[in-house]
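For reference, the structure discussed in these notes is given below.
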Amino acid sequence: MSELGTFVPDEVLEASFKKPGPKQYTLWVDLEYCVGCHACTMACKGENNTPVGVDYNRVMEIEVGEFKDSKEKPDVRVYFVPMPCMH
Amino acid sequence: MNLPPYEIGSYTDYEYCDYLISMGSNITAADYPMQTRARYLQKFGKRLNPDAKNFKHVVIDPRFTNGAAKATHNGVGEWVPLKPTTDAYFMLGMIRWMIENNGYKREYLTIPNEKVAKKKGYRNWTDMTYLVGTTKPMKYLTGKDVGLGQSDFVVLINGQPKMFQEADGFADLDASYVLNGVEYKTVFRLLRERAQEHTLAESEAVCDIPAGTIARIAQEFSSAKHPAIEMFRGPVQQSNGWYNGQALCIINMLVDNIDRKGGFISGHKNYWGDVKANNKRKPSGVRADTAKAAYQGKKPTATRPWYSGYAVPRGVTPNFFSNVRMGYPYKNKAYLNYYNDPAYTMPYNQETIEALLDVKAMPLTFSIDAYMGETSALCDYVLPDTDYLERVGGFKTYPPIKTQVFGVRMPVVGSFDPKTHEYKAIRPDTKMGDDILITLAKECGLPTFGKDGGGPGVNINNSWEFWNEFYSHKDFKGGLDPKGSLVKLGGKFQNPAPKYQYTKNYSSGEYTSFPGGRQVRVLFTYLEKVATYKNAMTGNYMDGLPMYRTIVDCKEQPLDPAIYKEYPMQLHTNKEPFHTQSRTMNNLWLASIKPQNYAEINPADAEKLGVKTGDWVKVKSPSSEQLDSDMYKNFHKHIKDYYPNYLGKGWFKFQVRATSRIRPGLFSVCQSYGRFGAGSPKGKWHMNGKEQPSDERVGAGFHINPLYMADPVLKNMVLVDPVGGATQSFGTPLRVEKI
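Shown next, in the form of structure tokens:
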């Protein structure tokens, strides 16, 4: 995940739990479980009944690396990143 | 081999597996049931598995699938971008390495019978020690041949022949025996010799992968605790498909993981009901697709292929349409299409479309369809079906679920007549598919339908009555009683606790318990039924073991190498997780996720062609020029409507997208787009003289099926596996040029 630079280290997370005061909720999506099926986009669409072409939730498919020579071991990775609007 | 047919077959027990090879299996984006398998792999396989830390997932696929994305996500798994159609070289290469480097379970393979298996704590055993003759047709040596008096298999114990069931200990594994001047070899020796026909370096050159890959994967695989290699349609949907599937099962046998906890599990029996009737009528005669039968003609060889009932349990659709056009083996009078859209989905679909348009070939056609699909639009009569939310029925278990399950399906909208249980659909003029079939059966006077159809006092007049009767017998009782547990729970489910999933009764390790299914069994490596079956086109016997082959035609010859020089690229198709092939593009929500598809090519090929994402190329296949010939004169009148990207003389234009997710040399197209039916404006239709609404978003993108290569011998059918009857679903040589 280093390419994306979005990973929250454990200690940062722990520290945020210990902070006093009102809590701000966040949505944690375990990207290991996301297989890029876009079902969350459809579920959101069903819940909010948005018109075709307007999606509050989207799933990005991010392609990293390049593979051009079949005689070499490929170095490609693809990440699926669901982007909910947090509502 | 008494494993289920290769097409769907077996899956891996992800929960306890620690080395998984997915071969042409688009896990997480396809397969049955996709969501369950994705969850089992990601959660139970990679997180909760006791060996989760060592779990390695190797994805062998020409495309970097979503499954490959997940496998390499944490840097542990691997993607092997195999060249399409070369699966046999990879798998036989693995078998070679495992045999030569002691990468197989020797004790397990030397077990000759159930008695020895039981003594040593195994539940199944193999035919690896059984003797097979080396003259064609290659049959198992029988006790009768050796003078031991019975027709069963013979094994060698310290070089001496013995009936397999009389052996008290292990039999000779890599051995041979000469009887009356004929050499008989053990199955293991035949397999070793077959695997040694090519070196690993030769195989890697054919597969176009880095040197040393096969040996490395085979070494990792055979030294893992719970290794398994599984497939889906990739290895089997090609002209060497049967042998590829067999090779894959053999690799699993070599490491003794079949029916094992964490191994390759073939599932178990479903719960099952029955509609009892003594006078059920069975089909008879020769099938129109000349499948499930040996060649019955008078000449020594046939003009059209025939497919064995053993290897082809389901029939061969492309052969049906080509046969129909040629009036072989008889002329077609009427055609009823149900739950199928061959005009869109069939590779080399010009033959299907032409057959449907040709009044002489198919004079009367009907279709039962929930949408005005491509095939229905070309039929004379359409009987509108209800959608999936208006259905009575059931669904069986698939292997990932290791206990017995049966889901019951009831309509969620519409209503039943309280007395007759006749279903009233919400849309006018539609009827449940089963109701249509039962009405037809009654009109035709078939004996098991209508009054007393299911026996005295049991009427089968509609879908509800059929399924009510089905759910009253065998594993079920009470029928579709709305207060019964079956309807209330939505099915019948066994307790999924681990103690019901596995058995510890065997000292060599745990097995899946398979309620209601096979427990103790022999697994066949060598398939005598295939080896004694003749290819109708050549009159030659087929082979009982997997072979090193890529694309072959109906006479089992490889393609002319000159074709590959003129057509250097390869056709390939892929699937998005949110689409099916022919049933979802008319859902505008799903269509909006990716509004169109592209021909996906590797950046290296894009550079070579001088194109970038969004540019247009033209492409042709060795047989696409036939589109302009007399063979497809009816289709040719409509080709510009159905395929606006057709340029003439066999060329089609496509918009490309360059991506490293495709291996070099491929031209890959997602198989859900480019519709010319189901509401696409390319397939306009009228009712009562009024044009029906259409939406251009349904017809967006490109469809590649007319570019599939026809069999060079038959000329009018896609390449089909002469053994297993599977279509060559990818690998057609293509010529691509920049426009």
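Note that the protein sequences, when read in sequence, are chains S and W. The letter at position 6 of the first sequence is residue 6 when you use my numbering, and the numbering goes up by one with no holes. With positions in the second sequence counted from 1, the corresponding number in my numbering is that position plus 87. We put the CB at the ideal spot given by N, CA and C, even for glycine. Here the structure is a predicted model, which means the values were calculated and not measured.
Output yes if chain S places a C-beta closer than 8 Å to the C-beta of residue i; else output no.
| i | result |
| --- | --- |
| residue 747 of chain W | yes |
| residue 160 of chain W | yes |
| residue 744 of chain W | no |
| residue 689 of chain W | yes |
| residue 619 of chain W | no |
| residue 679 of chain W | yes |
| residue 295 of chain W | yes |
| residue 243 of chain W | no |
| residue 675 of chain W | yes |
| residue 751 of chain W | yes |
| residue 487 of chain W | no |
| residue 115 of chain W | yes |
| residue 166 of chain W | yes |
Could you pull the start and end residues of the alpha helix (DSSP H) that residue i belongs to?
| i | result |
| --- | --- |
| residue 444 of chain W | 437–444 |
| residue 810 of chain W | Taken as a continuous stretch (DSSP letters only), residue 810 of chain W belongs to no alpha helix (DSSP H), as it is neither H nor E. |
| residue 243 of chain W | Note, residue 243 of chain W: premise wrong, no alpha helix (DSSP H); beta strand (DSSP E) at 241–244. |
| residue 666 of chain W | Element bounds for residue 666 of chain W: n/a, residue is neither H nor E. |
| residue 687 of chain W | Looking at the DSSP string, residue 687 of chain W is not in any alpha helix (DSSP H); the run it does join, the beta strand (DSSP E), is 686–688. |
| residue 302 of chain W | 300–310 |
| residue 166 of chain W | Segment 165–167 is the beta strand (DSSP E) holding residue 166 of chain W; no alpha helix (DSSP H) there. |
Mind checking if residue i is an interface residue toward chain W, Cβ cutoff 8 Å exclusive?
| i | result |
| --- | --- |
| residue 63 of chain S | yes |
| residue 33 of chain S | yes |
| residue 44 of chain S | no |
| residue 37 of chain S | yes |
| residue 70 of chain S | yes |
| residue 57 of chain S | no |
| residue 80 of chain S | yes |
| residue 74 of chain S | yes |
| residue 66 of chain S | yes |
| residue 26 of chain S | no |
| residue 29 of chain S | no |
| residue 53 of chain S | yes |
How is the beta strand (DSSP E) around residue i delimited, first residue to last?
| i | result |
| --- | --- |
| residue 273 of chain W | 269–273 |
| residue 574 of chain W | Where residue 574 of chain W is concerned, there is no enclosing beta strand (DSSP E), although the alpha helix (DSSP H) it sits in stretches over 572–576. |
| residue 263 of chain W | 263–266 |
| residue 820 of chain W | 820–825 |
What is the rounded straight-line gap between the Cα of residue i and the Cα of residue j?
| i | j | result |
| --- | --- | --- |
| residue 244 of chain W | residue 110 of chain W | 37 Å |
| residue 662 of chain W | residue 770 of chain W | 23 Å |
| residue 260 of chain W | residue 192 of chain W | 12 Å |
| residue 156 of chain W | residue 132 of chain W | 16 Å |
| residue 545 of chain W | residue 396 of chain W | 34 Å |
| residue 436 of chain W | residue 405 of chain W | 9 Å |
| residue 145 of chain W | residue 107 of chain W | 6 Å |
| residue 310 of chain W | residue 187 of chain W | 14 Å |
| residue 554 of chain W | residue 368 of chain W | 19 Å |
| residue 239 of chain W | residue 246 of chain W | 18 Å |
| residue 214 of chain W | residue 251 of chain W | 10 Å |
| residue 709 of chain W | residue 656 of chain W | 12 Å |
| residue 346 of chain W | residue 100 of chain W | 9 Å |
| residue 679 of chain W | residue 122 of chain W | 21 Å |
| residue 677 of chain W | residue 134 of chain W | 30 Å |
| residue 333 of chain W | residue 179 of chain W | 10 Å |
| residue 797 of chain W | residue 391 of chain W | 14 Å |
Does the beta-carbon of residue i have 16 or more other beta-carbons within 10 angstroms, so that it is buried, or is it exposed?
| i | result |
| --- | --- |
| residue 804 of chain W | buried |
| residue 39 of chain W | Any property of residue 39 of chain W remains undetermined from this structure, which presents chain W solely from 88 to 826. |
| residue 139 of chain W | exposed |
| residue 160 of chain W | buried |
| residue 617 of chain W | buried |
| residue 441 of chain W | buried |
| residue 24 of chain S | exposed |
| residue 51 of chain S | exposed |
How would you list, in chain order, the residues of chain B whose beta-carbon sits under 7 Å from the beta-carbon of residue i?
| i | result |
| --- | --- |
| residue 153 of chain W | As a matter of chain content, chain B is missing from the structure shown, whose protein chains are S and W. |
Quiz item: Are the segment 333–343 of chain W and the segment 303–320 of chain W touching by the rule of at least three beta carbon pairs closer than 8 Å?
Solution: Flag = yes, the segment 333–343 of chain W and the segment 303–320 of chain W touch.
Practice problem: Examine the Cβ distances between the segment 678–692 of chain W and the segment 784–794 of chain W and report whether three or more of them are shorter than 8 Å. | Solution: At 8 Å Cβ cutoff, the stretches touch.
Quiz item: Is the segment 740–748 of chain W close to the segment 805–812 of chain W, with three or more CB pairs under 8 Å?
Solution: With the cut-off at 8 Å, the segment 740–748 of chain W and the segment 805–812 of chain W do not touch.
Practice problem: Would you check if the segment 233–253 of chain W and the segment 282–293 of chain W touch, i.e. whether three or more CB-CB distances between them fall below 8 Å? | Solution: Between the segment 282–293 of chain W and the segment 233–253 of chain W, the count of Cβ pairs shorter than 8 Å is below three; the stretches do not touch.
Quiz item: Per the contact definition of three or more C-beta pairs closer than 8 Å, is the segment 422–432 of chain W in contact with the segment 454–467 of chain W?
Solution: The segment 454–467 of chain W makes contact with the segment 422–432 of chain W; the number of CB pairs closer than 8 Å reaches 3 or more.
Self-check item: At least three beta-carbon pairs within less than 8 Å, the segment 534–550 of chain W to the segment 504–512 of chain W
Solution: Output reads yes: the segment 504–512 of chain W touches the segment 534–550 of chain W.
Quiz item: Contact between the segment 322–336 of chain W and the segment 810–826 of chain W: three or more CB pairs below 8 Å?
Solution: The segment 322–336 of chain W, when compared against the segment 810–826 of chain W, does touch it at the 8 Å Cβ threshold.
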